[in-house]
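For the sequence shown, my numbering begins at 135 and goes up steadily by one.
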Amino acid sequence: MVVNETLVLDAKRVRGLYRILSKHYGPQGWWPLRSRRITSGAHIQHTIGFNSGGYHPGTGYDPGPAERFEIAVGAVLTQNTNWHNAAAALDALIKENLLSAEKILALPLEKLAGIIRPCGYYNQKAIKLKAVAEVMTNNDSIPGREELLSIWGIGPETADAILLYAFGRPAFVIDAYTRRIFSRFTGLETVELISYNQLQSAVQNVFCQDLESCREYHALLILHAKRYCTKNPRCAGCPAAGACKKRKCLQNE
Numbered sequence: 135m136v137v138n139e140t141l142v143l144d145a146k147r148v149r150g151l152y153r154i155l156s157k158h159y160g161p162q163g164w165w166p167l168r169s170r171r172i173t174s175g176a177h178i179q180h181t182i183g184f185n186s187g188g189y190h191p192g193t194g195y196d197p198g199p200a201e202r203f204e205i206a207v208g209a210v211l212t213q214n215t216n217w218h219n220a221a222a223a224l225d226a227l228i229k230e231n232l233l234s235a236e237k238i239l240a241l242p243l244e245k246l247a248g249i250i251r252p253c254g255y256y257n258q259k260a261i262k263l264k265a266v267a268e269v270m271t272n273n274d275s276i277p278g279r280e281e282l283l284s285i286w287g288i289g290p291e292t293a294d295a296i297l298l299y300a301f302g303r304p305a306f307v308i309d310a311y312t313r314r315i316f317s318r319f320t321g322l323e324t325v326e327l328i329s330y331n332q333l334q335s336a337v338q339n340v341f342c343q344d345l346e347s348c349r350e351y352h353a354l355l356i357l358h359a360k361r362y363c364t365k366n367p368r369c370a371g372c373p374a375a376g377a378c379k380k381r382k383c384l385q386n387e
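In structure tokens:
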């Protein structure tokens, strides 16, 4: 059930959580670029400034056209799966030298689906990749959000991830991890119930003034949701536990 009401977030809490997570985890360097990893036998090398996973913490890296397309592909492949599986599909495309819009469009749909099989939902994602490739091939400028949303299977989370990481358009990406953490940290159950756009507006009203902060906060929230703020929260040792309203509720139960 989606609740239609205006949410007002406490700016100090939202910004304070960012500072806590940033201090605890350090720079994340999203979006990971698998093409920057060079596989040689059993060894993985990487471009200077990038680590073995393709992340580039602290570099403020500005992707070029090829990297932008890779990010868009990754954003589609990671839908309804984890990054490990999406990365395996990306690596398969890179291995076959197929990671470009032109080559994706020229590739038979069945073959493309077979190559990206590790990411799951591969038949659907193959169709989506061809649609994204067509938009990025025929558009010399930054695609608009509505243009991306018009593509079958591309929702606001995927569209905003592409715009944020590939094209440098500040937009706070909302996902299940964001909802979970903000709901617990603020003590506002409404965070879990309002629409994507409502929550995004509420966050952007108090945060997201610059590109790197938007990227880093999104990455930090995902990492924190996997480390501590899991479905069954691991509050012991959580760097944000002292300020978390959900933690205080649990202590009082």
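Beta carbons: idealized from backbone N, C-alpha and C, even for Gly. Everything numeric in this text was worked out from a predicted model, so none of it was measured.
Legend entry - Check whether P191 and A222 have beta carbons under 8 Å apart: Walking along the sequence shown from the start, residue 191 turns up at place 57. Walking along the sequence shown from the start, residue 222 turns up at place 88. Not closer than 8 Å, so no.
Legend entry - Residue nearest to L263 in terms of C-alpha spacing, selected from Q213, G278, R314, F306: Here residue 263 refers to the residue found at position 129 of the sequence shown. With distances taken between Cα atoms, L263 lies closest to Q213.
Legend entry - Same chain, Cβ closer than 7 Å to D225, five either side skipped, listed in chain order: For this step, residue 225 is matched to residue 91 along the sequence shown. Cβ within range, chain order: R168.
Inset, instruction - Give the range of the alpha helix (DSSP H) segment to which P290 is assigned. - result: Residue numbering aside, residue 290 sits at position 156 when the sequence shown is read from its first letter. From DSSP, the alpha helix (DSSP H) with P290 extends over 290–295.
Inset, instruction - Please check the pair F306 and V340, which I expect to be a contact at CB under 8 Å, by giving their CB distance rounded to whole angstroms. - result: Taking the sequence shown and counting its residues from 1, one reaches residue 306 at position 172. Taking the sequence shown and counting its residues from 1, one reaches residue 340 at position 206. By a beta-carbon distance limit of 8 Å, F306 does not contact V340. Their separation comes to about 10 Å.
Legend entry - Alpha-carbon spacing of I154 relative to K237, whole angstroms: As a position in the sequence shown, residue 154 is number 20, starting the count at 1. As a position in the sequence shown, residue 237 is number 103, starting the count at 1. Their Cα atoms are separated by approximately 43 Å.
Inset, instruction - Could you check which residue in F301, L283, T324 has the C-alpha nearest to that of T312? - result: Counting from 1 along the sequence shown, the entry for residue 312 is found at position 178. If we check each option's Cα against that of T312, T324 comes out closest.
Inset, instruction - Spatial neighbours of I250 within its chain, please: CB distance less than 8 Å, with the 5 preceding and 5 following residues excluded, ordered by chain position. - result: The residue you call residue 250 lines up with position 116 of the sequence shown. L211, A223, A226, L227, Y256, K259, A260, L263, listed in sequence order.
Legend entry - Beta-carbon proximity of G194 to W165, cut-off 8 Å: As a position in the sequence shown, residue 194 is number 60, starting the count at 1. As a position in the sequence shown, residue 165 is number 31, starting the count at 1. Not closer than 8 Å, so no.
Legend entry - Bounding residues of the alpha helix (DSSP H) (the contiguous stretch that carries Y299): Position 165 of the sequence shown, counted from the start, is the residue given in the question as residue 299. No alpha helix (DSSP H) contains Y299, which DSSP labels as neither H nor E.
Legend entry - N386, buried or exposed, once every other Cβ within 10 Å from all chains shown has been counted against 16: The count along the sequence shown starts at 1 and reaches residue 386 at position 252. With a pLDDT of only 48 at N386, under the threshold of 50, the placement of this residue in the model should not be trusted, and no figure is reported.
Inset, instruction - Counting only the same chain and skipping the five closest in sequence on each side, list residues whose C-beta sits under 6 Å from that of P277. - result: Position 143 of the sequence shown, counting from 1, holds the residue named residue 277. For P277, where only same-chain residues beyond five positions count, the Cβ hits under 6 Å are V269.
Legend entry - Nearest residue (CA-CA) to H170, options A375, Y189, E291, P304: Position 36 of the sequence shown, counted from the first residue, corresponds to residue 170. Reading off the sequence, residue 170 comes out as Arg, not His. Of A375, Y189, E291, P304, the residue nearest in Cα terms is Y189.
Legend entry - R368 - DSSP class collapsed to helix/strand/coil: For this step, residue 368 is matched to residue 234 along the sequence shown. Reduced to three states, the DSSP call for R368 is coil.
Legend entry - Residue environment, Q162, which counts as buried when at least 16 other CB atoms sit within 10 Å: Working through the sequence shown from its first residue, we reach residue 162 at position 28. So Q162 ends up on the buried side.
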